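**Student:** This structure is in structure tokens; I'll ask about it shortly.
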């Protein structure tokens, strides 16, 4: 009886008064596993562990989970959460937590595919439901089983690979107006996410060091060096100051520019310039693609983009042949040196009569 490791995760087993509890401790750290084991054993001995969970519905769980996330998530993430929550609630809302099965989750996935939703969209919805169940189990103590955990997510093959050519960029800028010109040009030269650009404040711009500091996904802070183009944009922006705002790109009233308004204006300009199926986020792809084509290694690109895992940046690998050329050129030097050594050992070669 006690804790043991299965794969990379610790599990526990405990028998008490004829009842056996065997479950994961959801951690690969032994100290944390021991703490969780002690807490669960206390609940088992105290009798609270075997009490019937509260019978809450999926709809209520969605509300509670969203409310808890609202204090830590960015506004654009919360907007996405509302959409995910709506679809899940429409399908599962009236069911109790314990009533939902993995078969029902699979049925939901088939339904969403029948509605022509992409693999990425369906995976995001299932991940949201799975995370909500995990919170219900670990923190709310409302249920014991997560029906989504046994459902394997489908592999996503719909990554976009869109970027601007030089000619397309020229055409696009001929249709951009006002502050959108500076925002687009800054993103093309820094790789900022849309919300990072709109949230950029004056105190995070260092013209002396030629850097900006932004807070990205997961509240991770990164510092981005500025090239000449980006530096000139920010020098100009810093000369003016909205009396009611510290934002570098404030709205007319000094508030943060609404994401929907920016997207609408950009989409119109892209369409008018002849670009088809080109999104604002593709400006960030353009930044990364151009770096890769210029021979910048993927690790540096990942750092600039704020990717915590370089595997996310692997999508740009096929743009990097020049960055690999120096590696294979090493072989040329190798063969040159071995040929010279071989000739030296054989001595001078005399022409035959």
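Numbering (my numbering), first residue to last: 1 to 353.
Just so you know, even glycine gets a beta-carbon here, dropped at the ideal spot from N, CA and C.
These figures come from a predicted structure and were not determined experimentally.
Residue 274: which of 45, 57, 171 sits nearest, CA to CA?
**Tutor:** Taking the chain shown and counting its residues from 1, one reaches residue 274 at position 274. For the residues 45, 57, 171, the minimum Cα distance to residue 274 belongs to 171.
**Student:** Assuming residue 292 contacts residue 191 under a Cβ cut-off of 8 Å, what Cβ separation, rounded to an integer in Å, is found between them?
**Tutor:** Residue mapping note: residue 292 aligns to position 292 of the chain shown, counting from 1. Residue mapping note: residue 191 aligns to position 191 of the chain shown, counting from 1. Taking 8 Å as the upper bound for CB-CB distance, residue 292 and residue 191 are not in contact here, some 12 Å apart.
**Student:** Rounded to whole angstroms, what's the CA-CA distance from residue 126 to residue 91? Just pull it up for me.
**Tutor:** Mapped onto the chain shown, residue 126 falls at position 126. Mapped onto the chain shown, residue 91 falls at position 91. In a straight line, the C-alpha of residue 126 is about 12 Å away from that of residue 91.
**Student:** Between the segment 197 to 214 and the segment 222 to 239, do three or more beta carbon pairs fall short of 8 Å?
**Tutor:** yes
**Student:** Determine the DSSP secondary structure at residue 21, reduced to helix, strand or coil.
**Tutor:** Numbered from its first residue, the chain shown carries residue 21 at position 21. In the structure shown, residue 21 sits in a strand (DSSP, three-state: E or B).
**Student:** Drop a sphere of 10 angstroms on the beta-carbon of residue 31, count the other beta-carbons inside from all chains shown, and report buried for 16 or more, exposed for fewer.
**Tutor:** For this step, residue 31 is matched to residue 31 along the chain shown. When all chains shown are included, residue 31 counts as exposed.
**Student:** Short of 7 Å in beta carbon distance, which residues of its chain neighbour residue 316, apart from the five on each side in sequence? Order them along the chain.
**Tutor:** Working through the chain shown from its first residue, we reach residue 316 at position 316. Within the same chain, Cβ atoms closer than 7 Å to the Cβ of residue 316 are found at 288, 289, 292, 298, 301, the five residues on either side in sequence being excluded.
**Student:** On the DSSP letters alone, give me the boundaries of the alpha helix (DSSP H) that residue 65 sits inside.
**Tutor:** By one-based count along the chain shown, residue 65 stands at place 65. 58 to 69 is the extent of the alpha helix (DSSP H) around residue 65.
**Student:** Quick check: the Cα distance between residue 17 and residue 42, rounded to an integer number of angstroms?
**Tutor:** Numbered from 1 along the chain shown, position 17 holds the residue referred to as residue 17. Numbered from 1 along the chain shown, position 42 holds the residue referred to as residue 42. One Cα belongs to residue 17, the other to residue 42, and the distance between them is close to 14 Å.
**Student:** Indicate whether the contact test is met: 3 or more Cβ pairs, each with one atom in the segment 52 to 66 and one in the segment 86 to 101, closer than 8 Å.
**Tutor:** Touching, per the Cβ criterion.
**Student:** If residue 213 sits next to residue 221, beta carbons under 8 Å apart, how far is it from one beta carbon to the other, in whole angstroms?
**Tutor:** Along the chain shown, one-based indexing puts residue 213 at 213. Along the chain shown, one-based indexing puts residue 221 at 221. That belief holds up - the Cβ atoms of residue 213 and residue 221 are roughly 6 Å apart, short of 8 Å.
**Student:** Return the residue from the list 183, 248, 139, 270 that minimises the CA-CA distance to residue 39.
**Tutor:** On the chain shown, residue 39 is found 39 positions in, with the first residue counted as 1. Out of 183, 248, 139, 270, 139 has the C-alpha closest to the C-alpha of residue 39.
**Student:** Can you check DSSP and say which residues form a bridge with residue 222?
**Tutor:** Translated into positions along the chain shown, residue 222 becomes position 222. 214.
**Student:** Which residue or residues does DSSP assign as beta-bridge partners of residue 258?
**Tutor:** Looking up residue 258 in the chain shown gives position 258. None, per the DSSP bridge assignment.
**Student:** Which class does residue 298 belong to by DSSP, given the choice of helix, strand or coil?
**Tutor:** Residue numbering aside, residue 298 sits at position 298 when the chain shown is read from its first letter. It is helical.
**Student:** Determine the burial state of residue 10: buried for a count of at least 16 other Cβ atoms within 10 Å of its Cβ, exposed for fewer.
**Tutor:** As a position in the chain shown, residue 10 is number 10, starting the count at 1. So residue 10 counts as buried.
**Student:** Residue 118 to residue 318, Cα distance in whole Å?
**Tutor:** Indexing the chain shown from 1 puts residue 118 at position 118. Indexing the chain shown from 1 puts residue 318 at position 318. Residue 118 and residue 318: Cα-Cα distance of roughly 24 Å.
**Student:** May I have the straight-line CA-CA distance separating residue 166 from residue 178, to the nearest angstrom?
**Tutor:** Start at 1 with the first residue of the chain shown, and residue 166 comes out as number 166. Start at 1 with the first residue of the chain shown, and residue 178 comes out as number 178. For residue 166 and residue 178, the distance between alpha carbons rounds to 21 Å.
**Student:** Please state if the CB of residue 193 and the CB of residue 284 are separated by a distance shorter than 8 Å.
**Tutor:** As a working note, residue 284 is residue 284 in the chain shown. As a working note, residue 193 is residue 193 in the chain shown. Contact flag set, yes.
**Student:** Starting from residue 276 and walking both ways along the beta strand (DSSP E), at which residues does that stretch end?
**Tutor:** As a first step, residue 276 is located in the chain shown; it is residue number 276 there, counting from the start. Unbroken run through residue 276: none, as it is neither H nor E.
**Student:** Tell me where the alpha helix (DSSP H) around residue 359 begins and ends.
**Tutor:** Since the first residue shown for the chain is 1 and the last is 353, residue 359 is missing from the structure and cannot be characterised.
**Student:** Give me the Cα-Cα distance between residue 168 and residue 260, rounded to the nearest whole angstrom.
**Tutor:** Sequence index remark: in the chain shown, residue 168 carries index 168 (1-based). Sequence index remark: in the chain shown, residue 260 carries index 260 (1-based). So the alpha carbons of these two residues sit roughly 23 Å apart.
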